[in-house]
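J.:
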Amino acid sequence: MLQNKIPLISKTKFLSLLIFGCSASCGLFAQEESNPYDKIWDKVTLYKNEDNSLISKFWLTGRLQGEYHSFENDVAPAIDHDDYDWRRFRFGFKATLFGDITLHSEADLGLENRGRPLYNDLTDTYISWSTENGMKFKLGKQSAPFTLDGSTSSKKLHTLERSRIAGNIWFGQEYFPGISVSGSKDEIDYFAGYYSNDNKPEFDGAFKHGQFGILSFGKDYAANFNLEKSYLRLDFMFQEDDGNDDVEDFNDWNAAYSFVTKWENNDWYFWTDLSFADRKNGDVWGLQLMPFYDITDKTQVIFCYTHLDSSGDNQLRASRWEDRLDRGEYRGDDLTEYFFGLNHFFYGHKLKWQNGLQYTQLDEADGSKEYEGWGFTTAFRISW
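384 is the number that my numbering gives the last residue of the sequence shown; the numbers go up by one with no jumps.
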């Protein structure tokens, strides 16, 4: 029976989550007109003075993401796991200097590090500035945007995790030392970035192991399709490495390409991603289809279908918690995932409650099943 395969949550855990969500929702609606969240989030701005030409603004940045997850693999020998987890905790600052220069630094902190140092590594740590015509330059450790979910901040994901395209066709790491330029010209958005492909926690490995570049061009064709938004974007990634094996994962890529679309009208959304990776051990292509609908101005229902296929043997990996059921040993060459989600936005993406049920099948090169099972996650996401 299907219901016997869906991971179970203890009544105590489920009721506690349900009570939390309902009480938070009731509290929000009772105070919706005054919206206390504006006053709370304004507190992160510690200094603001437009007349100060040296430093006109200083504010705190970060995110805190906690969740409960329950996953199981029905392939013999069956295995399951459920737990609470601090998914992400990042803390840092931003400062506006000399009118148009931004200094941003943020660290990834491990609340699950049990006995190890709290600090993990730097994420965003860069300096940026903009020209009068809107061209923006950024130098330092920064996000390298590629694919639909790979170019979306974890603060603004509509699903619980990035898709398997971002984890298999893209590197699976977001922040790299580099330089980038972005802007818009004649209604065409452009982005170009040049990065070090190392995975060191700070800058000590920058450009010692190889480098990659990203080019991206996008345009909104809403007027042509008579929709609120019809955004089409092409991403290109090219890499050159020095063959040094101490750089995990990334020396397998030669190039990758992604075609992203975002269609929006009224309360309906339909985002897609068609991507291809030229990898040394076998090419990978992937398709992501993600329709979602705003039931109210705060509640959203979402479905996401993802399929990947590899010409190489067993180089695809499942999602974070699925992969950890067997200590990262699950690998295949054909992966399909169905995701059903329900999101409630208390204060936009800055404070939200997300729930997701997913079914994943991962097959090996010989056709045998490596993973088949359900997973459930309920989570809160806070950012500032």
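For every residue, glycine included, the Cβ atom is placed at its ideal position computed from N, Cα and C.
For alanine 255, tell me which candidate among Leu274, Asp283, Lys229 and Phe292 has the shortest Cα-Cα distance.
T.: With distances taken between Cα atoms, alanine 255 lies closest to Asp283.
J.: Have a look at glycine 358 and arginine 162 and give me their C-alpha separation to the nearest angstrom.
T.: The sequence shown places glutamine at residue 358, rather than the glycine named in the question. The alpha-carbon atoms of glutamine 358 and arginine 162 are separated by roughly 13 Å.
J.: Between the C-alpha atoms of threonine 12 and glutamate 364, what's the straight-line distance to the nearest angstrom?
T.: Summary for threonine 12: the model assigns pLDDT 48, below 50, so the residue's position carries little reliability, and this model does not support an answer.
J.: Which residue's Cα is closest to the Cα of aspartate 297: Tyr338, Leu316, Ser275 and Phe346?
T.: It is Phe346 whose Cα lies nearest to the Cα of aspartate 297.
J.: Mind checking which residues open and close the beta strand (DSSP E) that includes asparagine 355?
T.: Looking at the DSSP string, the run of the beta strand (DSSP E) that includes asparagine 355 is 351-363.
J.: DSSP puts leucine 289 in a beta bridge; with which residues?
T.: Thr272 and Tyr305, per the DSSP bridge assignment.
J.: Quick one: what's tyrosine 84 bridged to in DSSP?
T.: Tyrosine 84 is bridged to Tyr68.
J.: Let me know the secondary structure DSSP gives glutamate 132 once reduced to three states.
T.: Three-state DSSP puts glutamate 132 in coil, outside helix and strand.
J.: How would you call proline 117, buried or exposed, if buried means at least 16 neighbouring beta carbons within 10 angstroms?
T.: Per the 10 Å Cβ criterion, exposed.
J.: In terms of residues, what are the limits of the beta strand (DSSP E) holding tyrosine 371?
T.: Start and end: 369-383.
J.: Just tell me which of Ser56, His104 and Leu64 has its CA closest to the CA of phenylalanine 98.
T.: Of the listed residues, the one whose Cα sits closest to phenylalanine 98 is Ser56.
J.: When burial is assigned at 16 or more other CB atoms within 10 Å of the CB, is isoleucine 302 buried or exposed?
T.: Answer is buried; the Cβ neighbour count reaches 16.
J.: So if DSSP puts lysine 229 in a beta bridge, which residue, or which two residues, is it bridged to?
T.: Looking at the DSSP assignment, lysine 229 forms a beta bridge with Glu264.
J.: To the nearest angstrom, how far is the alpha carbon of alanine 192 from that of alanine 78?
T.: Computed Cα separation, rounded: 46 Å.
J.: Identify which residue in Trp86, Ala95, Lys39 and Val181 has its Cα closest to the Cα of asparagine 49.
T.: Residue Ala95 is the option with its Cα nearest to asparagine 49.
J.: So, with DSSP's three-state summary, where would you put alanine 255?
T.: In this structure, alanine 255 counts as strand in the three-state DSSP scheme.
J.: Quick one: Cα of proline 36 to Cα of arginine 381, how far?
T.: Taking the straight line from one Cα to the other gives about 18 Å.
J.: Does the separation of the CB atoms of tryptophan 263 and methionine 290 fall below 8 Å?
T.: Taking 8 Å as the Cβ cut-off, tryptophan 263 and methionine 290 do not qualify as a contacting pair.
J.: Please return the same chain residues whose Cβ sits closer than 6 Å to the Cβ of serine 310, not counting the five positions on each side in sequence.
T.: Contacts found: Gly282, Val284, Leu316 and Asp333.
J.: Tell me which residues share the same chain as aspartate 267 and place their Cβ nearer than 7 Å to its Cβ, disregarding the 5 neighbours each side in the sequence.
T.: Same-chain partners within the cutoff: Tyr293 and Asp294.
J.: Just tell me which of Gly341, Gly348 and Gln361 has its CA closest to the CA of glutamine 354.
T.: Ranking the options by Cα distance to glutamine 354, first place goes to Gly341.
J.: Would you kindly work out how many angstroms separate the C-alpha atoms of glycine 183 and threonine 377, rounded to a whole number?
T.: Taking the straight line joining both Cα atoms gives about 37 Å.
J.: Return the CA-CA distance between glycine 172 and glycine 150, expressed in angstroms with no decimal places.
T.: Taking the straight line joining both Cα atoms gives about 8 Å.
J.: Expressed to the nearest angstrom, what Euclidean distance is found between the alpha-carbon atoms of phenylalanine 176 and aspartate 198?
T.: Distance between the alpha carbons of phenylalanine 176 and aspartate 198 is about 7 Å.
J.: If we ignore side chains and look at the alpha-carbon of each, how far apart do glutamate 187 and tyrosine 221 end up?
T.: If you take the alpha carbons of glutamate 187 and tyrosine 221, they lie about 10 Å apart.
J.: Under 8 Å, do aspartate 74 and glycine 373 count as touching if we go by C-beta distance?
T.: Contact: yes.
J.: What does the alpha-carbon distance come out to for the pair aspartate 386 and alanine 318?
T.: This structure leaves residue 386 out entirely; the chain is present only between 1 and 384.
J.: Checking the sheet assignment: what are the DSSP bridge partners for proline 177?
T.: BP columns for proline 177 point to Lys141.
J.: Where do the ends of the alpha helix (DSSP H) carrying tyrosine 37 lie?
T.: Where tyrosine 37 is concerned, the enclosing alpha helix (DSSP H) stretches over 37-42.
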